[in-house]
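Q: Input: one structure, supplied below.
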Amino acid sequence: GKVTAATLGWDEAKSKIIVQRYKERADEYRYFPEPDLPIVEISRERVAQVTAKLPELPEAKQTRFKEKLGLSAYDARVLVMERAVADFYESVLSAGADPKAAANWILVSLFTLFNRDGVDREAIADIKIKPSQMAELVKLVTSSALNKGSAEKVLAIMWESGDDPAHIVEREGLAQVSDAGAIGEVIAKVLAENAATVEGYLSGKDKLFGALMGMAMKALQGKGNAQVVTDALKEQLDALKQ
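In the working numbering, the protein residues as written are 51 to 292.
Structure below.
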């Protein structure tokens with residue numbers, strides 16, 4: 051509704067606020083200059099100079115993350131909740147990581163470690179993992195050099211040691227297996243050793259595909275390229291249907 055300009059007072063006897071008088075125009079407030087205070091005139095140029103030096107505010111940063119980087123509204127909002135997190139994220143991007151993939155790895159996998167160990171997100175600049183290392187891990191995943199499961203293991207080791215992801219991958223033998231021929235041989239062996247499960251799938255129990263997929267990934271020690279494994283498994287099972 052309409053807010054009426056008025057002077058209000060407190061009626062002690064009635065214990066309530068009362069209207070003392072209404073003011074319809076600004077001049078009725080009887081504004082007058084304070085003689086002891088000089089007039090301060092700020093030029094538009096000065097305002098522009100000060101504005102240019104202001105840091106990017108969270109709301110503006112959130113909008114930029116959504117519109118320029120293609121992040122979801124939720125991801126953008128969480129990233130800017132703490133300035134340190136937003137700065138870490140942008141440093142990861144500066145090191146060449148994909149914006150969406152980097153956001154996902156920070157908000158899900160990295161924050162899981164924060165929560166597990168009770169670390170405040172504002173202390174992200176003090177963790178052992180540097181932005182450049184986080185970017186390297188993200189790039190290993192997006193380039194299919196490392197699958198998600200193995201990348202989670204690498205991240206956990208990075209969290210504890212601060213070691214570079216490439217060194218960890220080499221030392222632990224976690225490089226992703228994407229060779230279709232090698233994967234096909236492993237799948238053929240898995241199918242031969244699990245004839246009952248294969249027969250169940252071929253008889254119409256489609257849910258058993260997941261079980262066979264799990265067996266294949268286990269045989270590949272969790273290092274198989276999930277898409278290549280899926281395609282090869284479907285191909286061999288389809289061949290058995292004929």
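Glycine included, every Cβ here is placed at the ideal spot set by N, Cα and C.
1) Measuring straight from C-alpha to C-alpha, what distance separates glutamine 183 and glycine 168?
2) Between alanine 230 and alanine 282, how many whole angstroms is the CB-CB distance? I'm expecting something under 8 Å.
3) Can you have a look at aspartate 256 and say buried or exposed, based on whether 16 or more other CB atoms are within 10 angstroms of its CB?
4) From which residue to which residue does the beta strand (DSSP E) around lysine 203 run?
5) Hey, alanine 152 and alanine 185 are a contact pair by Cβ (cut 8 Å); roughly how many whole angstroms apart?
6) With distance defined between alpha-carbon atoms, name the residue in Tyr251, Glu235 and Leu190 nearest to leucine 270.
7) Quick one: give me the first and last residue of the beta strand (DSSP E) that glycine 272 is part of.
8) Under 8 Å, with one C-beta from each stretch per pair, do the segment 125 to 132 and the segment 96 to 116 reach the 3-pair mark?
9) Give the DSSP bridge partners of lysine 66, in chain order.
10) Quick one: what's got a C-beta closer than 7 Å to glutamate 172's C-beta in the same chain, skipping five residues either side?
11) Is valine 169 helix, strand or coil by DSSP?
12) Please classify alanine 185: does DSSP put it in a helix, a strand, or coil?
13) Measure the Cβ-Cβ separation of proline 149 and leucine 121 and say whether it is below 8 Å.
14) Contact check, valine 191 vs lysine 180 under 8 Å by CB: the rounded distance?
15) Taking Cβ to Cβ, would you say threonine 247 is nearer than 8 Å to methionine 263?
16) Could you check which residue in Phe82, Ala55 and Pro83 has the C-alpha nearest to that of glutamine 70?
17) Residue range of the alpha helix (DSSP H) that lysine 111 falls in?
18) Report back the beta-carbon spacing between isoleucine 237 and glutamine 286 to the nearest angstrom; my notes put them in contact at under 8 Å.
19) State the DSSP-derived secondary structure class of valine 227, mapped to helix, strand or coil.
20) Give the straight-line distance between the Cα atoms of glycine 272 and leucine 104, rounded to the nearest whole angstrom.
A: According to the structure data:
1) As a first step, residue 183 must be located in the sequence shown, where it is residue number 133. As a first step, residue 168 must be located in the sequence shown, where it is residue number 118. Approximately 22 Å between the Cα atoms of the pair.
2) For the purposes of this step, residue 230 is identified with residue 180 of the sequence shown, where counting begins at 1. For the purposes of this step, residue 282 is identified with residue 232 of the sequence shown, where counting begins at 1. Indeed, because the Cβ distance is near 6 Å, the residues count as touching under 8 Å.
3) For this step, residue 256 is matched to residue 206 along the sequence shown. When all chains shown are included, aspartate 256 counts as exposed.
4) Counting from one through the sequence shown, the residue named residue 203 turns up at place 153. Lysine 203 -> not in any beta strand (DSSP E); alpha helix (DSSP H) instead, spanning 198 to 211.
5) Indexing the sequence shown from 1 puts residue 152 at position 102. Indexing the sequence shown from 1 puts residue 185 at position 135. Yes, alanine 152 and alanine 185 are in contact; Cβ-Cβ is about 7 Å, under 8 Å.
6) Translated into the one-based positions of the sequence shown, residue 270 becomes position 220. Closest option to leucine 270, Cα to Cα, is Glu235.
7) Position 222 of the sequence shown, counted from the start, is the residue given in the question as residue 272. Counting along the chain, glycine 272 falls outside any beta strand (DSSP E), and DSSP gives it neither H nor E.
8) By the C-beta criterion, the segment 125 to 132 is judged to be in contact with the segment 96 to 116, since at least 3 inter-stretch pairs fall below 8 Å.
9) In the sequence shown, counting from the first residue as 1, residue 66 sits at position 16. Answer is Asp61.
10) Looking up residue 172 in the sequence shown gives position 122. These residues qualify, in order along the chain: Glu132 and Ala134.
11) Position 119 of the sequence shown, counted from the start, is the residue given in the question as residue 169. Valine 169: coil per DSSP, three-state reduction.
12) Start at 1 with the first residue of the sequence shown, and residue 185 comes out as number 135. Residue state, collapsed to three classes: helix.
13) The sequence position of residue 149 within the sequence shown is 99, counting from 1. The sequence position of residue 121 within the sequence shown is 71, counting from 1. In contact: proline 149 and leucine 121 (Cβ atoms closer than 8 Å).
14) In the sequence shown, the residue the question calls residue 191 occupies position 141. In the sequence shown, the residue the question calls residue 180 occupies position 130. With a Cβ gap of about 17 Å, valine 191 and lysine 180 do not count as contacting.
15) Here residue 247 refers to the residue found at position 197 when the sequence shown is read from its first residue. Here residue 263 refers to the residue found at position 213 when the sequence shown is read from its first residue. Not in contact: threonine 247 and methionine 263 (Cβ atoms no closer than 8 Å).
16) Indexing the sequence shown from 1 puts residue 70 at position 20. From the listed residues Phe82, Ala55 and Pro83, the smallest Cα separation to glutamine 70 is found for Ala55.
17) Here the question's residue 111 lines up with position 61 in the sequence shown. Segment 108 to 117, the alpha helix (DSSP H) holding lysine 111.
18) The residue given as residue 237 occupies position 187 in the sequence shown. The residue given as residue 286 occupies position 236 in the sequence shown. Between the beta-carbon of isoleucine 237 and that of glutamine 286 there is about 6 Å, and that keeps the pair under the 8 Å contact cut.
19) Here residue 227 refers to the residue found at position 177 when the sequence shown is read from its first residue. When DSSP states are grouped into helix, strand and coil, valine 227 belongs to the strand group.
20) As a working note, residue 272 is residue 222 in the sequence shown. As a working note, residue 104 is residue 54 in the sequence shown. Rounded to the nearest whole angstrom, the C-alpha separation of glycine 272 and leucine 104 is 49 Å.
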